[in-house]
Every structure is written in C-alpha cells, then in structure tokens.
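There are 2 protein chains.
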Amino acid sequence: MSKYVVGVDVGGTSTKFGLFTTEGEKMDKWKIATDRKDNGMYLTGHITESIKERFVKHSISEGGLTGIGIGVPGFVDEASGIVDIAVNIGWENYPLSTNLADAFHVPVFINNDANLAAAGEHWQGAGKKEASIFFVTLGTGVGGGIIVNGDLVTGPSGTAGEIGHTITVPHGRLCSCGREGCLEEYVAAKGLQRSLRDYLRNFEGSSSLHKDSEVIDIYEAAKAGDALAVDIVNEAAYYLAYALANAATMINPEKIVIGGGISAAGETLMRPLVAHFKRFVLKEADKYLSFEFAQLGNDAGIYGATWLAMRRLGCFD
Amino acid sequence: MSKYVVGVDVGGTSTKFGLFTTEGEKMDKWKIATDRKDNGMYLTGHITESIKERFVKHSISEGGLTGIGIGVPGFVDEASGIVDIAVNIGWENYPLSTNLADAFHVPVFINNDANLAAAGEHWQGAGKKEASIFFVTLGTGVGGGIIVNGDLVTGPSGTAGEIGHTITVPHGRLCSCGREGCLEEYVAAKGLQRSLRDYLRNFEGSSSLHKDSEVIDIYEAAKAGDALAVDIVNEAAYYLAYALANAATMINPEKIVIGGGISAAGETLMRPLVAHFKRFVLKEADKYLSFEFAQLGNDAGIYGATWLAMRRLGCFD
C-alpha cells in the first residue's frame, strides 16, 4: 500500500496543497482561499477538511497519510510547532502543529514559507544539484531561505534567510520592522516603488513612469532604455548585490537562486545584479558560485513543505 | 584496544596537536614550531614525525590511529583535501590530505582554522549546548566559523564564516584582499591600530595612547576612561555589532561566541558591542540569542580538528 505526504503552503490570499507519495512522486495539487476571518481561527479547520476531501477523491484511506509539512508567512518555532507570529494570517502564538496533528494523528512539521520555497528549489528546482544554496524571493518584500549541507537552516526563532531585514543602508529608509535601512526598503516591489517616488521628486527629464507605476512597468521601461527606470533598477540591483555578496562571503553557497514575481524582470535585473555582486564579494567565495532564477514558481512552497515532512520522517535516508 | 584520533592546528608560528580517544577523551597535547621554509614544503613531514614520536611515547601502535583532522590558516577545499591557499604557510594548491594520508594510511579531514575553532567551541567550549553558533575570532584580523544544525558550514571554497571580509563600510578603508571597507579593517588588532592612527591625526586632547600603542594598551586605556581609547573601542564595537547583527538576522544562531586574543578586553568590548547589536538586529532573531566569550583559548583548534575527524568517521552517531 502506498504511503503519502501532504505539503501545504499558507499564503495571505490562497492556501496551496500538494499530495505526494513518500517516494516523492506528485499525485495532485490544489488550492483553497485563505480564510483570515477572526485572526485565521477557521483556517486550520478548512485545511483539514480540504485534505480529507482530497483523500476521499483519490480513494486513499486516512491511514495512508504519514505526515504533513506546512509553510507559513511568518516566524515559526519549528521545534514546538508554534507560529510565533504570522501578521497576514492573524496567527500569534498559534499551535499549528498540534491542531493539525490532532485532526490526522500524524507528525506535522512547520516552517517559514520562504524557507520552504528554498527547500523546494533545492529538492526539485534550480538548486537541485547543490548541497548549499542561498534563495532570495523578491515579491512585495524580500524573503529568503538557506540550505547548507543539504539541510534547511531555520534557527531557534525561524528568522534564518531573512536577508530582507539585514541593514543595507545605515540610517536609511524606515522599515515596517521599526529599524532603518533594511534591504527590503530598496528592492522588490515595496522598495522599487519607494525609489520611484523618491527619484520623481527631483526628476526633470522625460520618462514613461509616474508615481503610481507598477513594478513590472518599471522593469519594462528599464528594458526599453527609459533613463529613470534604468537608474531605479540599477540602484535596487546594487543594494541587492551588496547584501547577497556579504551573505555569500559568509555562507559560501554553491548557488544563489532568485525567485518571486520580480524575477520575471529577467536579464534587466540579473545583468546589473551580477556585475555589482562581483565587485562586492570576496573573490574566493565567488569561485564556484553561480546565479540562477527559481524554476518552481508558485509551487516551490508545496514542494518544500513536502520535502520538510519527507526529510524529518527519514524518507531520504 | 583503544582507538585514537589526532587533531592538528597549523598556525603561522606553531603547530599544535591533540591526541584523543575515539570516545573524545583527551590523552595528550603538544606543539612544534611551524617550519615555513621553502613554502612550507617540510611541514607535513615534521607533522608526520611528531605524531609518530608521540605514538611511540604512549606505546600506541600505528594501527590504533583511525583518522586525523587538521586546521589550516587559509582557504581549503574540504572535499578534495587540497589547500587552495594558506599565505602564512606558503601552501598553494597543496594536497595536504593526500600527503598525510600516505604517511598514516588513515582518512585525513581538513578545514579552515577558524572554522575548526568554531567546531571546538561547539563541541567542548562556549557553544556546547547549542545546535547553531556564530563564532568570531578577533586576533590580528577577524576570522569566523558557523555551526548550524550541529554541523560545520564550510562551503565549496571554504570561505564560510569569513565575516571579516564582509563589506561593512562602503568605500571604506582598503583591505589586504583588494576590496574596500571589510570589517577586518575596523576591528581586531589590524583595524584598531589603523583607527588609532586615523584618530590621532586630528586629536588635540590628552591621551595615554600614541601611534604605536599595542591593542591591549587601547583596551586598558578605554577601561581607564581615556576618551580617545573609548572612542576607538566604541567605533570598533559599532562596526562589529553591525556585521554580527546582519549575520544573526540571516543565520539566526543560538549563540554568538567571541574568541581570539582581543576577547581579553572583556566587558570593555562586550558592553558597547551588545548595546549596538541590539539596535541593529531584527528583533525576532535576538529572541533566543546570547553572547559569550570563547572558553578553549588556543586549544579550540585542536578540539575542532578532532571533532571534524570524529564526526566524519561517525564517532558521534
């Protein structure tokens, strides 16, 4: 009889699921809307229900489930299975592992969503052949995850990989975390739009951009040679390169994997990023290092959540 | 019959040895002068001889040796056992593992000396109870090592832990590595003495320091309240705190362990360091984090080299 693992990726808008065999074969994937009502108190119930329905559909008995991995957009304590805080869901000191384990009577493994996206790329995506990768995801903000020696780095309070909150510009822009100069305020959607408004204040040339332009417009304009857009993208690439170079000098990964919506910018981002990076990084740390765009897109999280459960259950041993 | 492991720590002046049982009990430690003549070409022979002599002294047959761990002040490729470069010894593309393995017919495991000092503190010193530590050693320069998930982070070119070469002051002081603004140029002996000369140029007050003061004099003067010395130490603490805070935000260790000769400065360094750190670090990353001085002093390297051999040989499984 086959055994199964479910990987869950909780997002602010939708919650995604993957059903895998314990050999790592993907059987199904689906999603539900994320119910954030009353601080997300109904969400675990919906997740439970959705998994049970899908098991019925595939004629899998509940005894076939061996474990669940689940990624959460927030800080989690992997050891206790408690979500310290997930602002976008409303969870605070929320015993996610216990609640799900009670419903299924199997081990439940939790982690941060960006960490699990890193694990997903390491397992099935861009970091597939590497024992160590630094994954950075550029969406609204900046997330990240680190794999070393083939395992995920989490840390006791689950902040590992949080390059978005490393201080890149001392006394710089005020960040939502309360500190100044975090990388996140200079790159990804949040940072680029802030830069756009800053630059427009003193800009007297002609540009296709205006203060409410979307991030994708900024990249499109940069690709077309719009001088204002080129300056903005180049500045973001500069700060991201600086932070990644310090990370790479210190962690020495084999690959830096760039994911998230902004990675659609492609070479418009990658070219200045790599050029700046090479000037900032310790030469020896760059010796075996390469850059690559993520490959799994929105599925990275369910792959990573499944990998986490499989790894903790010893499926890879 | 007992089995043994030897841990070796190659330094620019002396090479240290530790003889341990495979249960981790220390039987002996000793050192020899490091022979750097002709690009260190005689050193491996001296190391071999010294180990064989010590085995005779302890009436251990050569068959009792199960493995050797060895730390080198430079960049090493752990997988191939080749020292890429160790400037202070003169080794370049030097097949250290093969040379030693040929003499003893046992596996030889190599790594960077600061990485192994981190491993030593993790095994028997200040980081004993922690699965993840960030170790920084302040000597002439700044070295470092990272333990996560109970294992050493090395990286494909062995630069992991090299916080001394993260760029802390953009467009700052020229570093010996050819880049500008590396942390190392602002802290440890090298950085403090550079700061002293910089500060003295425009200093008009009275101070016990002069342009050739030793590092320990700077700390002693700071402890005694000498305004110039306090400024210099405070600046070093500020930059070290900044770099460590970004590292801690991203790696989320349980403990930061401060080692090296300068750690003798004690609270004169630790007080401003922790104060600045708390302002720079992501709050969540600081939740379970503590600072501690290293405990093993100059023996950290031989403990770490022994730990490396024991771990790779499966003695801890």
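Going line by line, the protein sequences match chains A and B.
For the first sequence, the numbering used here begins at 1079 and goes up steadily by one.
For the second sequence, the numbering used here begins at 1079 and goes up steadily by one.
Each residue gets a CB set at the ideal place from its N, CA and C atoms; glycine is no exception.
{"Query": "With a CB to CB cut of under 7 Å and the five nearest residues on each side skipped, what residues in its chain are close to residue 1252 (chain A)?", "Result": "1258"}
{"Query": "When DSSP labels each residue in this structure, what does residue 1322 (chain B) get in the three-state scheme?", "Result": "helix"}
{"Query": "Give the residues from the segment 1354-1367 of chain A that approach chain B closer than 9 Å (Cβ to any Cβ), ordered along the chain.", "Result": "1357, 1358, 1359, 1360, 1361, 1362, 1363, 1364, 1365, 1366 and 1367"}
{"Query": "Can you check the segment 1225-1283 of chain A for any beta strand (DSSP E) of at least 3 residues that lies completely inside it and give the ranges in chain order?", "Result": "none"}
{"Query": "When you compare only the Cα positions, how much space is there between residue 1124 (chain B) and residue 1159 (chain A)?", "Result": "53 Å"}
{"Query": "Given this structure, state the Cα-to-Cα distance separating residue 1247 (chain B) from residue 1260 (chain B), to the nearest angstrom.", "Result": "7 Å"}
{"Query": "Within its chain, find whatever has a CB closer than 7 Å to the CB of residue 1394 (chain A); leave out the 5 residues flanking it on each side and keep chain order.", "Result": "1388"}
{"Query": "Less than 7 Å separating the Cβ of residue 1154 (chain A) from some heavy atom of the ligand MG?", "Result": "The model depicted lacks the ligand MG and carries no ligand whatsoever."}
{"Query": "Determine the chain A residues that contact residue 1243 (chain B) at a beta-carbon separation under 7 Å, and present them in chain order.", "Result": "1327 and 1360"}
{"Query": "Mark residue 1120 (chain A) as exposed unless 16 or more other C-beta atoms lie within 10 angstroms of its C-beta, in which case mark it buried.", "Result": "exposed"}
{"Query": "Around the C-beta of residue 1131 (chain B), are 16 or more other C-beta atoms found within 10 angstroms, so that it is buried, or is it exposed?", "Result": "exposed"}
{"Query": "Which residue wins for smallest C-alpha separation from residue 1184 (chain B), given the options B:1283, B:1148 and B:1326?", "Result": "B:1148"}
{"Query": "Grab me the residues of residue 1182 (chain A)'s own chain with a C-beta within less than 8 Å of its C-beta, minus the 5 sequence neighbours each way, in chain order.", "Result": "1126, 1129, 1140, 1143 and 1146"}
{"Query": "Please report the residue range of the alpha helix (DSSP H) in which residue 1301 (chain B) lies.", "Result": "1293-1301"}
{"Query": "Using 8 Å as the limit for Cβ to Cβ distance, is residue 1237 (chain B) near chain A?", "Result": "yes"}
{"Query": "Going by other Cβ atoms of all chains shown within 10 Å of its Cβ, with 16 needed for buried, is residue 1302 (chain B) buried or exposed?", "Result": "exposed"}
{"Query": "Could you tell me whether the Cβ atoms of residue 1080 (chain A) and residue 1363 (chain B) are closer together than 8 Å?", "Result": "no"}
{"Query": "Measuring only the C-alpha atoms, how far is residue 1305 (chain A) from residue 1338 (chain B)?", "Result": "50 Å"}
{"Query": "Output needed for residue 1396 (chain B): all residues of its chain with C-beta closer than 6 Å, excluding positions within five of it in sequence on either side, in chain order.", "Result": "In the structure displayed, chain B extends from 1079 to 1395; residue 1396 (chain B) sits before or after that span and is not available."}
{"Query": "So, helix, strand or coil for residue 1394 (chain B), using DSSP?", "Result": "coil"}
{"Query": "Report the rounded CA-to-CA distance for residue 1074 (chain A) versus residue 1094 (chain A), giving the unit in angstroms.", "Result": "The shown model of chain A, from 1079 to 1395, leaves out residue 1074 (chain A), and the question about it has no answer."}
{"Query": "Let me know if residue 1267 (chain A) comes out buried or exposed under the rule of 16 or more other beta-carbons within 10 Å of its beta-carbon.", "Result": "buried"}
{"Query": "Give the DSSP-derived three-state secondary structure of residue 1359 (chain B) in the structure shown.", "Result": "coil"}
{"Query": "Please report whether the beta-carbon of residue 1395 (chain B) lies at a distance below 8 Å from any beta-carbon of chain A.", "Result": "no"}
{"Query": "For residue 1231 (chain B), decide whether its Cβ has a neighbour in chain A, counting only Cβ atoms nearer than 8 Å.", "Result": "yes"}
{"Query": "For residue 1353 (chain A), count neighbouring C-beta atoms within 10 Å of its own C-beta (all shown protein chains included) and say buried if the count is 16 or more, exposed if not.", "Result": "exposed"}
{"Query": "Under 8 Å by Cβ, that's how I've got residue 1213 (chain B) and residue 1219 (chain B) pegged, so tell me the actual separation to the nearest angstrom.", "Result": "Not quite, the Cβ-Cβ distance comes to about 15 Å (not below 8 Å), so this is no contact."}
{"Query": "Could you confirm whether any beta carbon from chain A is found closer than 8 Å to the beta carbon of residue 1320 (chain B)?", "Result": "yes"}
{"Query": "Using a Cβ-Cβ distance under 8 Å, would residue 1173 (chain A) count as near chain B?", "Result": "no"}
{"Query": "Who are the near neighbours of residue 1177 (chain A) in its chain, counting only those whose CB is closer than 7 Å to its CB and skipping five residues on each side?", "Result": "1122"}
{"Query": "Hey, which unbroken runs of the beta strand (DSSP E) at 3 residues or more fall wholly within the segment 1126-1150 of chain A?", "Result": "1143-1150"}
{"Query": "In chain B, which residues lie less than 9 Å from residue 1226 (chain A) when you measure between Cβ atoms?", "Result": "1224, 1226, 1227, 1229, 1231, 1232, 1233 and 1238"}
{"Query": "Could you work out which residues of chain A lie near residue 1332 (chain B), taking near to mean beta carbons separated by less than 9 Å?", "Result": "1233 and 1234"}
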